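Heads up: the sequence shown begins at 8 in the working numbering, then just goes up one per residue.
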Amino acid sequence: MADRFYPNVMPDFVAENPAVEEEKHPIPQGTNESLLKLLSTPYNTLSEKFKRAALDLKETILVETWGLTRQQVPDFTLYNGTLGTAFLMFKSYQVTNNTNDLAVCSQIVKDCDFASRNSRDVTFLCGRAGVCALGAVVAKYMGDDQLVLYYVTQFKEIKLTKDLPDELLYGRAGFLWACLFMNKHIGKGTIPSTYTAAVVNEIIENGRRLGGRGRSPLMYEWYGEMYWGAAHGLAGIMYVLMDFELKPDELEDVKETLRYMVKNRFPSGNYPTSEEDKRRDVLVHWCHGAPGIALTLVKAAEVFGDREFLNAAVDAAEVVWNRGLLKRVGMCHGISGNAYVFLLLYQLTGSVEYLYRAKALACFLLDRAHKLIAKGEMHGGDSPYSLFEELQSFQHFLGSSKPCQLLRGKFGPFFSEEFECVDTGYPISCWSSVNGKSNYETIC
């Protein structure tokens with residue numbers, strides 16, 4: 008099992024040292040000394056390092072994925088293909104306000120639009136819906152109402168077949184994620200609830216049909232296996248459902264499904280891959296295991312205002328800290344995806360401990376990833392420049408690691424409650440919605 012991750016020997020906390028900024032003699036990267044120096048660097052200075060590294064990496068990714076093969080799109084998807092580069096340029100624009108990034112993004116989306124017109128895949132991450140959703144949002148930012156209308160119209164022409172699965176990557180939940188993305192960035196009602204309600208209802212009905220009988224109220228299959236994780240299973244589906252207006256009994260089913268998962272986790276705090284695989288405590292990835300489930304639990308703590316879910320998220324975060332320093336960079340099954348657990352816990356609680364842990368994982372990548380990949384000690388990825396596989400994940404994470412984007416002040420109308428986590432003893436302050444609504448998206 009240990010061959011999947013590096014032992015995490017980083018200190019639980021390193022105080023910032025203003026004197027670090029004044030040091031004139033550079034320390035070679037990839038040493039314990041260089042990593043400790045990064046960990047003690049004041050955040051304002053460190054965030055600039057992250058930003059510079061992210062922008063440099065952005066240019067490399069743009070050239071490798073689109074600049075050399077312009078208008079040739081072998082894989083149009085956001086997850087693994089060229090649309091991921093468009094999304095990267097959109098996020099870069101949000102950080103830098105560089106309108107050239109937005110223009111390049113728009114052109115890439117147009118190429119992906121052409122490449123995806125005959126696709127039957129319908130989701131945000133792996134299908135036509137992602138192309139139309141990102142295209143509409145970018146057109147909105149560019150002030151091109153005619154292009155917004157084109158992409159929204161194209162989006163509404165996407166057909167969901169009866170045999171479509173319910174999971175996030177290829178199923179109904181993934182289609183709904185695209186709807187949420189457009190409503191967030193273009194305006195509430197861009198994709199109205201009258202349009203999404205039938206999809207939500209079908210997910211609930213399918214889950215109830217397979218659930219019950221002494222197990223979770225909701226359960227879903229992907230190729231004959233009942234997965235728990237974010238990519239194909241319960242965590243990803245529950246995450247999306249919590250963003251929609253659910254009936255009281257449906258909301259209760261979501262809550263009890265999450266409780267079932269918490270109750271049946273491993274003694275270590277990690278989670279099974281599926282109902283059929285409850286003995287192997289191995290994977291600590293966004294797609295399978297504690298990281299992806301922790302993100303859903305953080306959201307549940309916000310939506311339900313329930314300390315039970317926050318405690319469970321904190322426990323899962325301990326697993327990520329101890330076993331989540333994976334030998335891959337990417338979002339799906341790498342360090343970048345795992346680090347989002349700490350960013351969202353910081354966003355919800357305001358606890359500096361979680362910001363430090365996100366910073367620590369970013370510092371590890373910044374200090375060692377390129378060297379470890381070059382030496383063959385870290386996997387460079389089957390699609391090394393893609394958003395969810397490898398280096399784009401690193402770039403996206405570095406560009407996200409700024410606490411001013413995660414201020415707890417955004418939870419103004421919410422109530423606060425301070426308590427002590429029964430398992431760790433950490434004092435926790437929980438900001439939770441009084442009306443049961445979520446107000447952030449991990450990637451969106």
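Glycine is no exception: its CB is placed at the ideal position from the N, C-alpha and C atoms. For clarity, every value in this text was computed on a predicted model and none was experimentally measured.
- CA-to-CA distance, residue 302 to residue 420, given in whole angstroms: Bear in mind that a pLDDT of 26 at residue 420, under 50, signals an unreliable position, so the number given afterwards is only what the model happens to contain. Cα to Cα, residue 420 sits roughly 22 angstroms from residue 302.
- Got a sec? Which residues, its chain only, sit under 7 angstroms from residue 263 by beta carbon, not counting five neighbours each side? 224
- For residue 24, three-class secondary structure by DSSP: coil
- Cut-off 7 angstroms between Cβ atoms - residues of its own chain near residue 83, not counting five sequence neighbours on either side: 89, 90, 119, 122, 123, 138
- Residue of 253, 15, 70, 227 minimising C-alpha distance to residue 241: 227
- Message: Rounded to the nearest angstrom, what separates residue 18 and residue 248 at their Cα positions?
- Response: 37 angstroms
- 8 angstroms contact criterion, which residue 85 and residue 394 should meet: CB distance rounded: 6 angstroms
- Mind checking which residues open and close the alpha helix (DSSP H) that includes residue 323? 314 to 330
- Neighbour-count burial assignment, residue 156, 16 or more Cβ in a 10 Å radius: Classification of residue 156: exposed, given that the 10 Å Cβ count is below 16.
- Query: Is it right to say residue 325 is buried, meaning 16 or more other beta carbons lie within 10 angstroms of its own, or is it exposed?
  - Reply: buried
- Does the distance from the CB of residue 350 to the CB of residue 365 come in under 7 angstroms? yes
- Where residue 135 falls: helix, strand or coil (DSSP): helix
- Task: Could you pull the start and end residues of the alpha helix (DSSP H) that residue 201 belongs to?
- Result: Boundaries of the alpha helix (DSSP H) harbouring residue 201: 200 to 217, taken from the DSSP string.
- Supposed close pair residue 42, residue 371 - CB separation, criterion 8 angstroms: 7 angstroms
- Query: Can at least three beta-carbon pairs, one atom from the region 200 to 218 and one from the region 278 to 296, be found at a separation below 8 angstroms?
  - Reply: no
- Item | residue 223 (DSSP reduced to helix, strand or coil) | coil
- Once you ignore the five residues that flank residue 132 on each side, which residues in its own chain have a CB closer than 8 angstroms to its CB? Around residue 132: 84, 85, 86, 175, 176, 181, 184, 395.
- Query: With a cut-off of 8 angstroms, do at least 3 Cβ pairs link the region 304 to 314 to the region 338 to 345?
  - Reply: These segments do not touch.
- Message: Please state the DSSP three-state secondary structure of residue 260.
- Response: helix
- Task: Grab me the residues of residue 233's own chain with a C-beta within less than 6 angstroms of its C-beta, minus the 5 sequence neighbours each way, in chain order.
- Result: Around residue 233: 226, 281, 282.
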